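To keep things clear, I will list the structure first and then write my remarks on it.
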């Protein structure tokens with residue numbers, strides 16, 4: 001176990017001690033005891049940076065289940081390291097923020113930090129695992145810990161609803177992903193991502209490959225809130241704000257993006273990958289930004305904005321995959337899309353994290369997050385307003401913040417789609433830049449909404465629960481750091497590009513490694529009058545117009561039929577499936593024994609008929625039959641007559657006597673068929689049974705003793721007849737096809753010689769096969785004890801007294 | 001003979017199943033009685049009928065009837081008797097406690113679910 005492995009599970013180890021700290025150390029906020037760990041991990045991971053740049057990836061393995069090829073292999077390359085830095089860096093800030101956000105006395109901090117640390121370890125595990133199964137284990141751990149964090153305030157109904165929804169959707173995706181991983185491992189006989197990538201070329205022609213691709217993408221899309229699985233994210237906003245900032249903007253929702261980036265070398269050769277990732281990403285981008293505009297809750301706006309930005313990153317990753325198809329081009333600008341995706345991923349984590357923290361501060365200091373009740377907070381909360389200004393303008397893609405750079409790169413890559421002439425992109429490709437541009441206008445509108453409606457305009461203090469004032473400094477430090485990064489990356493993007501983006505892009509597109517130099521130039525080149533600059537100007541122009549005229553056109557949102565709201569589909573689907581399952585169960589589990597017996601007998605008939613017909617098993621061989629004697633004929637007639645009497649008898653007494661008649665006739669059959677012991681037993685037992693039947697009959701309740709004939713039911717008759725016919729057919733064909741002789745010869749020869757008896761049946765019962773007899777005695781004993789118990793034990797009556 | 005027996009057994013099974021699908025508890029138990037008769041006869045028939053003498057060595061016969069199915073049937077008779085006796089007492093107790101022998105009325109109470 002190396003230090004690297006230890007650092008991945010360190011949060012889990014710390015989590016074990018949290019309840020102890022929480023109980024024993026009352027004086028200080030539990031968060032202070034935790035904040036050092038992510039900070040330490042951040043410093044530890046940043047040390048890998050030069051190593052990755054110079055030597056490439058680092059790989060360390062600890063055996064877990066070596067016989068199945070499942071090992072805890074930690075693999076640090078550019079992509080994994082970028083995520084690890086995001087997780088630990090923003091993790092530190094979020095823990096710091098939560099110290100001031102969550103009240104020491106009112107909240108159950110012990111639980112909160114255990115869940116948060118669990119999540120942190122799970123995320124680190126996801127991004128640093130090379131083994132698919134280990135990745136899946138950590139992946140599900142993120143789902144579980146996210147579930148716990150969303151439902152942290154579990155006394156609120158909305159929290160529980162949001163937690164359940166996110167759980168159902170992400171676990172659905174997680175299980176699909178497991179299916180995809182399993183197929184991949186079957187195709188390549190390995191769980192290692194490195195190994196699978198090295199075989200990517202040879203497995204891409206397998207028919208199951210596309211299935212694996214779609215299943216893995218399902219996992220990524222549900223986790224990263226892509227259309228139409230984005231619906232859980234707005235409801236996850238019921239979580240405490242530090243959780244929203246950490247999980248639902250910076251880290252967990254990017255796990256899907258990580259997965260897409262990680263699996264790109266495996267799948268990206270397929271055209272469908274480009275279409276799915278790029279197309280779904282664009283749809284999500286548009287739908288998220290379109291819906292964000294109509295929200296009135298700060299966190300809901302941010303949630304939809306997260307959805308839309310995740311879609312943007314996803315679409316860039318999809319377009320970036322085109323680089324693999326176009327490596328013969330001199331200027332490899334599709335790779336630029338991948339670089340842009342990674343760059344925007346970092347930018348989004350910084351500005352969205354700070355914006356969530358701002359939303360939390362506003363909520364904390366005013367008591368509401370509703371933008372209709374907020375306004376004019378600029379003078380009261382100048383620092384918060386500044387941070388919000390930086391964050392929203394960066395999100396809108398305005399200079400000089402980092403969002404501007406990544407948006408320009410985004411436009412560049414979308415315009416480059418026009419140059420593609422594969423996978424029918426020449427006809428539909430034009431939609432890429434158009435949708436991207438329209439979505440950017442909406443992004444601009446909600447960003448402006450977010451800032452101006454909260455911090456400018458008239459003050460509405462009468463609506464607020466608290467008197468608003470500036471937040472404590474501790475709560476402001478984390479968003480200040482993030483906002484500072486927004487500006488820093490905006491002015492000095494090359495610090496980032498040279499250190500981190502290069503290695504990340506080369507781990508997403510490893511087969512294009514040799515084109516690395518060209519790529520470096522591309523990142524640094526960010527000035528010049530290109531079409532994308534005019535697109536941005538257009539975004540600002542139309543954005544301002546639409547923002548100013550918002551009152552006029554927002555009513556269209558009310559006109560969209562509710563069916564298009566996917567929440568409606570989700571809720572109705574859940575309700576209908578519950579109702580349907582309930583109805584189905586009530587339909588066939590109706591509590592009537594007769595029905596269940598009919599199911600059993602019909603399956604019996606059906607399965608056996610199928611088996612006979614399928615194998616053409618029916619055969620009638622008349623060669624080896626005994627002759628029919630007059631006695632047997634007479635006895636048969638008696639049994640037939642007695643059975644019919646039982647069926648049609650009006651009185652139950654008649655039925656009982658007819659049953660006795662059948663029993664005695666069977667005894668006579670035994671006589672004819674040379675079985676004296678059976679005759680004796682059958683006679684005695686039939687007598688006792690009939691006596692018992694009469695006893696039970698005698699005690700029938702007085703009320704129901706009116707005799708009535710069994711009413712005829714056609715279904716019952718058909719089922720009964722079917723069973724009889726099947727039994728006869730099977731008996732006949734079994735008798736006609738005997739495969740070998742009986743072993744009875746041995747018994748006949750050795751009864752006297754080895755067992756010293758003359759009665760073969762008795763010798764078999766007590767000597768050759770004495771065990772059967774022993775347990776048969778046990779059965780009788782149990783029956784006797786049971787009967788005694790039933791008659792003697794009267795617990796219910798005693799209780800009633 | 002075996003064909004005749006097979007048809008007879010089929011008839012026993014059919015009547016047994018028809019009785020087991022009825023509403024009255026007593027008829028269901030009568031049905032199980034018929035079913036075990038059918039099964040016992042089936043066991044015997046499948047071994048071949050009327051071949052050789054009674055399986056007693058004292059008979060000094062050239063061939064004997066197969067003793068194994070007879071031993072099996074003997075065991076089965078005793079077991080089915082034990083079970084039938086148990087069921088009958090159960091039915092008797094059910095009459096006493098519930099006051100009905102109609103299985104459609106035996107659906108438990110809402111409280112006992």
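Chains as they are written, first to last, in my numbering: chain D, 1 to 801; chain A, 1 to 113. For every residue, glycine included, the Cβ atom is placed at its ideal position computed from N, Cα and C. If you're wondering where the values come from, they're calculated on a predicted model, not measured in any experiment.
Rounded to the nearest angstrom, what separates residue 99(D) and residue 470(D) at their Cα positions?
Approximately 17 Å between the Cα atoms of the pair.
Please give the ranges of any alpha helix (DSSP H) in the segment 403–489 of chain D, keeping only runs that are unbroken, at least 4 residues long and fully inside the region.
Taken in chain order, the complete alpha helix (DSSP H) segments of 4 residues or longer contained in the segment 403–489 of chain D are 425–428, 431–455.
How about residue 21(A) and residue 713(D): do their beta carbons lie closer than 9 Å?
Closer than 9 Å, so yes.
Would residue 669(D) count as contacting chain A if we go by Cβ distances under 9 Å?
Yes, contact with chain A.
Closer than 7 Å by beta-carbon distance: list the chain D residues that pair up with residue 11(A), in chain order.
Against chain D, the beta carbon of residue 11(A) has neighbours under 7 Å at 640, 643, 724, listed in chain order.
Please classify residue 606(D) as buried or exposed, where buried requires at least 16 neighbouring CB atoms within 10 angstroms.
Sixteen is the threshold: since fewer than 16 other Cβ atoms of the shown chains lie within 10 Å of the Cβ of residue 606(D), the residue is exposed.
For the ligand SAH, any of its heavy atoms closer than 8 Å to the Cβ of residue 473(D)?
Of the ligands one can find in the structure shown there are none, so the ligand SAH has no counterpart to examine.
Below 7 Å on C-beta distance, what does residue 2(A) contact in chain D?
Ordered by position in chain D, the residues that pass the 7 Å Cβ test against residue 2(A) are 625, 626, 735.
Spatial neighbours of residue 733(D) within its chain, please: CB distance less than 8 Å, with the 5 preceding and 5 following residues excluded, ordered by chain position.
612, 617, 618, 619, 620, listed in sequence order.
Residue 75(A) touches chain D at which residues, Cβ-Cβ below 8 Å?
The contacting residues are 765, 772, 773, 776.
Is DSSP giving residue 122(A) helix, strand or coil here?
Here chain A has residues from 1 to 113 only, and residue 122(A) is not among them.
Should residue 481(D) and residue 86(D) be called a contact, given that it needs their Cβ atoms to be closer than 9 Å?
No.
With a floor of 4 residues, list each alpha helix (DSSP H) that falls wholly inside the segment 80–166 of chain D, ordered by position along the chain.
Given a length threshold of 4 residues, each whole run of the alpha helix (DSSP H) inside the segment 80–166 of chain D is given here in chain order: 109–128, 132–150.
Give me the Cα-Cα distance between residue 329(D) and residue 239(D), rounded to the nearest whole angstrom.
Residue placement at residue 329(D) is flagged as unreliable, the pLDDT there being 49, under the threshold of 50; a coordinate-derived value is accordingly withheld.
Is the Cβ of residue 650(D) closer than 9 Å to any Cβ of chain A?
With 9 Å as the cut-off, residue 650(D) does not count as an interface residue toward chain A.
Give a yes or no on whether 9 Å exceeds the smallest Cβ distance from residue 585(D) to chain A.
Output row for residue 585(D): interface = no.
Reduced DSSP secondary structure (H/G/I, E/B, other) of residue 72(D):
Residue state, collapsed to three classes: strand.
Distance between residue 377(D) and residue 9(D) (C-alpha atoms, nearest Å)
Going by the C-alpha atoms only, they are around 43 Å apart.
Is the beta carbon of residue 555(D) closer than 9 Å to that of residue 490(D)?
At a Cβ-Cβ threshold of 9 Å, residue 490(D) and residue 555(D) do not count as neighbours.
For residue 195(D), which option in 171(D), 92(D), 132(D), 229(D) has the closest C-alpha, if you only look at C-alpha atoms?
Of the listed residues, the one whose Cα sits closest to residue 195(D) is 132(D).
Would you kindly report the start and end of the unbroken alpha helix (DSSP H) that includes residue 666(D)?
In the DSSP annotation of this structure, the continuous segment of the alpha helix (DSSP H) that includes residue 666(D) starts and ends at 652–672.
List, in order along the chain, the chain D residues whose C-beta lies closer than 8 Å to that of residue 45(A)?
By Cβ distance, chain D contributes 731, 735.
Start and end of the alpha helix (DSSP H) containing residue 206(D)?
Run containing residue 206(D): none; DSSP gives neither H nor E here.
Evaluate residue 67(D) with the Cβ neighbour count: other Cβ atoms within 10 Å of its Cβ, from every protein chain shown; 16 or more gives buried, anything less gives exposed.
A residue is called buried once 16 or more other Cβ atoms fall within 10 Å of its Cβ, and residue 67(D), having fewer, is exposed.
Just grab the DSSP bridge partners of residue 807(D) for me.
Any question about residue 807(D) goes unanswered here, given that chain D covers just 1 to 801.
If contact means a Cβ-Cβ distance below 9 Å, which residues of the segment 739–760 of chain D contact chain A?
Taken in chain order, the members of the segment 739–760 of chain D whose beta-carbon sits within less than 9 Å of a beta-carbon on chain A are 742, 743, 744, 747, 748, 751, 752, 757, 758, 759, 760.
Please state whether the Cβ-Cβ distance between residue 445(D) and residue 550(D) is less than 9 Å.
In terms of Cβ geometry, residue 445(D) and residue 550(D) form a close pair [threshold 9 Å].
Terminal residues of the alpha helix (DSSP H) in which residue 106(A) lies:
From DSSP, residue 106(A) is part of no alpha helix (DSSP H); its letter is neither H nor E.
If you measure from the beta carbon of residue 622(D) to each beta carbon in chain A, is any gap under 9 Å?
Cβ-Cβ to chain A under 9 Å: yes for residue 622(D).
Below 8 Å CB to CB, which residues in the same chain sit around residue 765(D) once its five sequence neighbours on both sides are set aside?
Excluding positions up to five away in sequence, the list reads 772, 773.
Please confirm whether residue 582(D) has its beta-carbon closer than 9 Å to some beta-carbon of chain A.
The C-beta of residue 582(D) comes no closer than 9 Å to any C-beta of chain A.
Need the endpoints of the alpha helix (DSSP H) that residue 36(D) sits in, please.
First-last of the alpha helix (DSSP H) with residue 36(D): 36–46.
Which residue from 387(D), 341(D), 141(D) puts its Cα closest to that of residue 497(D)?
Out of 387(D), 341(D), 141(D), 341(D) has the C-alpha closest to the C-alpha of residue 497(D).
Beta-carbon proximity list for residue 253(D), same chain, < 8 Å, skipping 5 on both sides
Hits under 8 Å: 223, 224, 225, 233, 247, 306, 310.
I'd like to know whether the C-beta atoms of residue 117(D) and residue 12(D) end up nearer to each other than 9 Å.
The criterion of a C-beta distance shorter than 9 Å is satisfied by residue 117(D) and residue 12(D).
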